[in-house]
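*Asks:* Positions 0 to 610 (numbering that gives the first Met the number 0) are the ones given, in order, by the sequence shown.
For each residue, glycine too, the CB sits at the ideal point set by N, CA and C.
One structure follows; several queries about it will come next.
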Amino acid sequence: MDHRDILTRFKNGDLSREQAAALLTGAHPDSAAGSAPLTTAVARPRTAVSQPPPARPLTTAPTGGRPPAPVDGYAITALHGRFPEADGLDAFWHTAVLGGRDAGRRTGGSLGSVDDFDAVFFGLTSQGAALMDPQERLLLEVLWQTLETAGCTGARLDTLTAADGEPRAVGVYVAHGPVGRAVVAQEPAGDAPVAAGAGAGLPARLSTLLDLRGPGHCVGGGEAAFLVALHQALSALRAGECGAALVGAVDLRLDPARRHPEGGEEGEGVGAVLLRPLAAARAAGDTIHAVVRATAVAHPGRRARDAAADGLARRALAAAGVTAAGVGLRETEATVSATTGDTGAATGLAALVRAVLQLRHGTLLPAPGDSSAVPWVRPHDESGRELPRRATVAVRPTAGSTAAHVLLEEPPRRGPEMIAAGPAAASGELVLLSAPTPEHLAATARRLADRVLSADAVEDGTQDDRRLLAALARELRLGRAVRDCRLAVVARDNGELGAALRAFADDRVGVDDRDGAGAGGARGSVRCADLRAAQGPGVLSGELPETRAYLAALWRGRRLDALARLWLAGVDVTAADTAGAAPVLPLPTSALLRRPLREAGCPGTDGPTPS
């Protein structure tokens, strides 16, 4: 092994600092790191492990060394996904419960409408968006929706801090298939350049859009790409470089050369998860879909791929202190292909989504050839104590690629469901919505109205109904980004709120009501404003401590009318809400009005398609 090999292995994490120094100086590596000697020039690669610090170290610790303190794990606090014939996780679960495609039909397929995009929502021109690779556009959408589902596009985003206290510290890690339209576009004069088609530019694009200040990295190609990206994200979380991490994957079959020959089942997919340390997620009241207990990533070297995969599984289980008998589900690239086909760089994502949904529902999906799903009974230890359900997600190495293994566990059981606030006051609750255009605002209001008026909503006027209304109003203030087209609603119960929002959406009001006058009719206390053409510093400067103190006093005094008027005049009143942290309440994401993108430079688009 020459110096270049040693430095390369050290850079890749295969050698510790002490081992590399020992090899470079000619000393025996045992004397520096206490690990097995390297007896050949082509040594068996060590497995890189990213997990809560292991209960049992993977290499012999130096004499007198102190083992790291244990960590509970890392919570998946939000996830989104789109797959062939499954435009969402509910549809994906339905397809998987049926055992994949209907009998006699092919697996795989395409996502469809990949050239439809809402450029306005993301602050892009249609020409610039048309020059982006479709994979980049899809992943931009799903990363935003994942953040919004977690309630982290508004004031709550500032609470995601790195170890040094830097706010908005969210890492962005993505896996992508081959870039299909690699061109570099320059927006018209005065606009920022667009890194069109450059997959490596996606973390930077989203970080700039949301002012995210964490690390970012792209992993290109290979079925294990998403799991490798997840492994890297956990390393950054463990190092304190970010307070949360977005991990996404996308793969589209844009190049005909990527179609499988002889009847192969190619697929496409896009999705993302948001990760946080488990303790932080529980303290914040986040929704926890599953817990990542350990990840392991390694190249097989010259070993047979089955042997490499088995060794990787043992490493991951040992790192988490779990035996193989404690794992009730194993998802691989083979099991997921029955639902999605071969999804390339999104394979690991699809397998992880399948595992998380089975943990959530307590149901084991039918294996290939089986007819129905079965209940997943929790295991017990020798003393009869109930243990959590656990699953592994693994992608075996192919020629020249990396293998990855992830250990998942169902989330810890929660006590009585936490609600952000007490019952709504007799004066009602102030519900604030915003969007980039009046059309977006109306579509988002309709989504929220449908949720509030759904059959699952509690009975109007009850204490639970008023408590839910207070929690909903609070979630919109803390969890949503502030945009230029705004709406304010004062409602006493969910029925009143739903009726007001639906009437607003039906009438598509919200352009000229800057003075705060009521919209009237069935809309009750609805008021709206379009601030896109507003000029000047506004009525108040939100940067001044006196402004924050004033707004905080208005919230404490429940001066809802004054707060609504300031909101409609362009003041961000949400950041001064002083009621403290609140659990996340899952709500419908903001509406995207996708339009078919023309070739760059061609004017005009078809009508929007709400989604």
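Just curious, the beta strand (DSSP E) that E408 is in, first and last residue?
*Replies:* Unbroken beta strand (DSSP E) run through E408: A402 to E408.
*Asks:* May I have a chain-ordered list of the alpha helix (DSSP H) segments no shorter than 4 residues that lie completely inside the stretch 220-283?
*Replies:* Entirely contained in the stretch 220-283, the alpha helix (DSSP H) runs reaching 4 residues are, in chain order, 224-237 and 277-283.
*Asks:* If you measure between the beta carbons of L475 and L431, is that distance less than 8 Å?
*Replies:* It is a contact, given that the beta carbons lie within the stated cut-off.
*Asks:* Need the endpoints of the alpha helix (DSSP H) that P544 sits in, please.
*Replies:* Its alpha helix (DSSP H) spans residues P544 to R555.
*Asks:* Within 10 Å of its beta-carbon, does G270 have 16 or more other beta-carbons around it, so buried, or fewer, so exposed?
*Replies:* Per the 10 Å Cβ criterion, buried.
*Asks:* By DSSP, does S433 sit in helix, in strand, or in coil?
*Replies:* Here S433 sits in strand by DSSP.
*Asks:* Does the pairing of the stretch 274-290 with the stretch 91-98 give three or more beta-carbon distances under 8 Å?
*Replies:* These segments do not touch.
*Asks:* Using a Cβ cut-off of 8 Å (strictly closer), state whether R275 contacts chain B.
*Replies:* Among the protein chains of the structure shown there is no chain B, as only one such chain exists.
*Asks:* Look at the Cβ atom of T401, then the Cβ atom of V227, and state whether they are nearer than 8 Å.
*Replies:* The answer is yes: Cβ separation under 8 Å.
*Asks:* Starting from P133 and walking both ways along the alpha helix (DSSP H), at which residues does that stretch end?
*Replies:* First-last of the alpha helix (DSSP H) with P133: P133 to T148.
*Asks:* Alpha carbon to alpha carbon, how far is P177 from L553?
*Replies:* Between P177 and L553, the C-alpha separation is close to 53 Å.
*Asks:* Taking the C-alpha atoms as reference points, what is the distance between E332 and A77?
*Replies:* Cα to Cα, E332 sits roughly 22 Å from A77.
*Asks:* Would you say the stretch 499-506 touches the stretch 436-444, given that touching needs at least three Cβ pairs under 8 Å?
*Replies:* Judged by Cβ distances under 8 Å, the stretch 499-506 makes contact with the stretch 436-444, as three or more pairs qualify.
*Asks:* Who are G170's beta bridge partners in DSSP?
*Replies:* BP columns for G170 point to A244.
*Asks:* By DSSP, does V488 sit in helix, in strand, or in coil?
*Replies:* In the structure shown, V488 sits in a strand (DSSP, three-state: E or B).
*Asks:* If you draw a straight line from the C-alpha of Q134 to the C-alpha of R167, how long is it?
*Replies:* Approximately 25 Å, taken between the alpha carbons.
*Asks:* Would you list the residues sitting across from A307 in a DSSP beta bridge?
*Replies:* A307 pairs with nothing; no bridge assigned.
*Asks:* Counting Cβ pairs, one atom from each stretch, are 3 or more of them under 8 Å apart for the stretch 526-537 and the stretch 481-497?
*Replies:* As far as the Cβ criterion goes, the stretch 526-537 touches the stretch 481-497, which means the pair count is three or higher.
*Asks:* Pop quiz: T573 and A154 are said to be a contact at Cβ under 8 Å. What is the actual Cβ separation, rounded to whole angstroms?
*Replies:* Contact flag correct, Cβ pair sits at about 5 Å.
*Asks:* Taking D576 as the reference, give the member of G478, A403 and T339 with the closest Cα.
*Replies:* Cα-wise, what sits closest to D576 is G478.
*Asks:* Given T436, which residues of its chain have a CB within under 7 Å of its CB, disregarding the five upstream and five downstream residues?
*Replies:* Once the five neighbours on either side are set aside, the close Cβ partners of T436 are V119 and C484.
*Asks:* List the residues that DSSP assigns as beta-bridge partners of D449.
*Replies:* BP columns for D449 are empty, so no partner.
*Asks:* Rounded to whole angstroms, what is the Cα-Cα separation between A181 and D132?
*Replies:* Model confidence at A181 stands at a pLDDT of 39, short of 50, so the residue's coordinates are unreliable; what they give is reported in the following sentence. A181 and D132: Cα-Cα distance of roughly 7 Å.
*Asks:* Alpha carbon to alpha carbon, how far is G569 from S433? Give it in angstroms, no decimals.
*Replies:* Taking the straight line joining both Cα atoms gives about 11 Å.
*Asks:* Looking at the structure shown, is V583 part of a helix, part of a strand, or coil, going by DSSP?
*Replies:* Of the three classes helix, strand and coil, the one that applies to V583 here is coil, per DSSP.
*Asks:* Quick one: residues in its chain with C-beta nearer than 7 Å to the C-beta of T322, no 5 flanking neighbours on either side, listed in chain order?
*Replies:* Excluding sequence neighbours, T322 sits near L316.
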